[in-house]
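Protein chains: 2
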Amino acid sequence: MKRQILLYGLIGGILIAALKWTEYRFLVMEHSIEIYGGLVAATFAVLGIWLGIKLTGKQQRVVIKEIPPPAGEPFLPDQRKREDLGITPREMETLELIAQGMSNREIAEKLFVSENTVKTHSSRVFDKLGAKRRTQAVQLGKEFGLLP
Amino acid sequence: MKRQILLYGLIGGILIAALKWTEYRFLVMEHSIEIYGGLVAATFAVLGIWLGIKLTGKQQRVVIKEIPPPAGEPFLPDQRKREDLGITPREMETLELIAQGMSNREIAEKLFVSENTVKTHSSRVFDKLGAKRRTQAVQLGKEFGLLP
DNA sequence: GCCAAAATCACCCAAAAGAATGACGACAAC
DNA sequence: GTTGTCGTCATTCTTTTGGGTGATTTTGGC
Numbered sequence: 057m058k059r060q061i062l063l064y065g066l067i068g069g070i071l072i073a074a075l076k077w078t079e080y081r082f083l084v085m086e087h088s089i090e091i092y093g094g095l096v097a098a099t100f101a102v103l104g105i106w107l108g109i110k111l112t113g114k115q116q117r118v119v120i121k122e123i124p125p126p127a128g129e130p131f132l133p134d135q136r137k138r139e140d141l142g143i144t145p146r147e148m149e150t151l152e153l154i155a156q157g158m159s160n161r162e163i164a165e166k167l168f169v170s171e172n173t174v175k176t177h178s179s180r181v182f183d184k185l186g187a188k189r190r191t192q193a194v195q196l197g198k199e200f201g202l203l204p
Numbered sequence: 057m058k059r060q061i062l063l064y065g066l067i068g069g070i071l072i073a074a075l076k077w078t079e080y081r082f083l084v085m086e087h088s089i090e091i092y093g094g095l096v097a098a099t100f101a102v103l104g105i106w107l108g109i110k111l112t113g114k115q116q117r118v119v120i121k122e123i124p125p126p127a128g129e130p131f132l133p134d135q136r137k138r139e140d141l142g143i144t145p146r147e148m149e150t151l152e153l154i155a156q157g158m159s160n161r162e163i164a165e166k167l168f169v170s171e172n173t174v175k176t177h178s179s180r181v182f183d184k185l186g187a188k189r190r191t192q193a194v195q196l197g198k199e200f201g202l203l204p
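Respectively, the protein sequence lines represent chains D and E. Quick note on numbering: the first sequence equals residues 57 to 204 in the numbering used here. Quick note on numbering: the second sequence equals residues 57 to 204 in the numbering used here.
Written out as structure tokens, the structure reads:
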């Protein structure tokens, strides 16, 4: 960056010098002052733009780096796998709540059904997953991509 | 963006006009041409830098960097967190096996201890995690970074 | 309307899990 | 040598879970 600023100053100096040098040649020309001003303006404008881009271009890349980390997969319930295993939506729901550490009673309250119903659902889902315990069902559910 | 470019051109035009207008006043001055040139150069340089910054500042440089996190963490058991919670190694071991879906009996066999001992460990670990059920302990264990 | 799948609920019973308490030996720290 | 932690085990009792079976109701498709 320092190099670019120095370079910029240098070019400026050279231009000034060139300006002075050409002064004696083209000053006689009509409207040379306008051409002159335009030339200088254009040159410095280009240089300025270039410098501006350089000035922020590097910084920009650092900021960009933040994008990737939070990404990844938000996890979308594997509908296909669920159907492959013949697990019904209600059973799936039950399984999810089991995975959250809820008891049958709590699940029953949350789903507005009787505890017996929850038992039925869980039993069936265990069967379909090949699990003997709820903890195992959770473990298998994850392996099958049914649970996060 | 278009607005800025137009503005830029406008300012350029105004400067040229001003240049022409002042021409009749300061042309008589000695070295006015250098001052002039420098002034114009400085003005356009500043404008150029500003424009350059504006030009790239808002642009999202979508540099699609490779995503390290997904393939990244092999998961290292959080030793600190475990000790923070006052969970002993043996209790941790028990928790891990619980998370794998094993029953107390299976865990007992695997660890060569009695089932009662496993119960003691699990009870203690539940207590330390604030869990009431093993499924909940697993869930909390994950949240605490104790389990994968 | 009829059928099949899904969802619901009920009972019974056995197994597993969990809470509470007490106890004992090993071992490190002070 | 006392203290504290850890790991071990037992006993008793309550709660939760899970298996098995059957039944009723809803729902969606044909």
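Where is the CB? At the ideal position from N, CA and C, for every residue including glycine. Note that the structure is predicted; figures quoted are calculated from it, not measured.
Residue state for E/I163 is assigned as helix, using DSSP reduced to three classes. At least one beta carbon of chain E lies nearer than 8 Å to the beta carbon of D/A187. In the structure shown, D/R180 falls within a helical segment according to DSSP collapsed to helix, strand and coil. The beta-carbon of D/I154 is placed less than 8 Å from the nearest beta-carbon of chain E.
Taking 8 Å as the cut-off, the Cβ atoms of D/E171 and D/R161 count as close. Distance between E/K184 and E/I154, taken at the CA atoms: about 15 Å.
Close to chain E, meaning a Cβ-Cβ distance shorter than 9 Å, are the following residues of the region 136-162 of chain D: I154, A155, Q156, G157, M158 and S159. E/I154 carries a helical assignment under DSSP once its states are collapsed to helix, strand and coil. Between E/R138 and E/L202, the beta carbon gap of about 6 Å places them in contact (Cβ cut-off 8 Å). A straight-line Cα-Cα distance of about 19 Å links E/F168 and E/R180. D/G197: member of the alpha helix (DSSP H) spanning R190 to E199, first to last residue. Pairing E/K188 with E/D134, the inter-Cα distance amounts to about 22 Å. Neighbours of E/V194 in chain D, taken as residues whose beta carbon is under 9 Å from its own, are A155, G157, T191, V194 and Q195 in chain order. E/G142 is not a Cβ neighbour of D/Q195, given a cutoff of 8 Å.
Per the coordinates, the alpha-carbon of E/E199 lies some 11 Å from the alpha-carbon of E/Q192.
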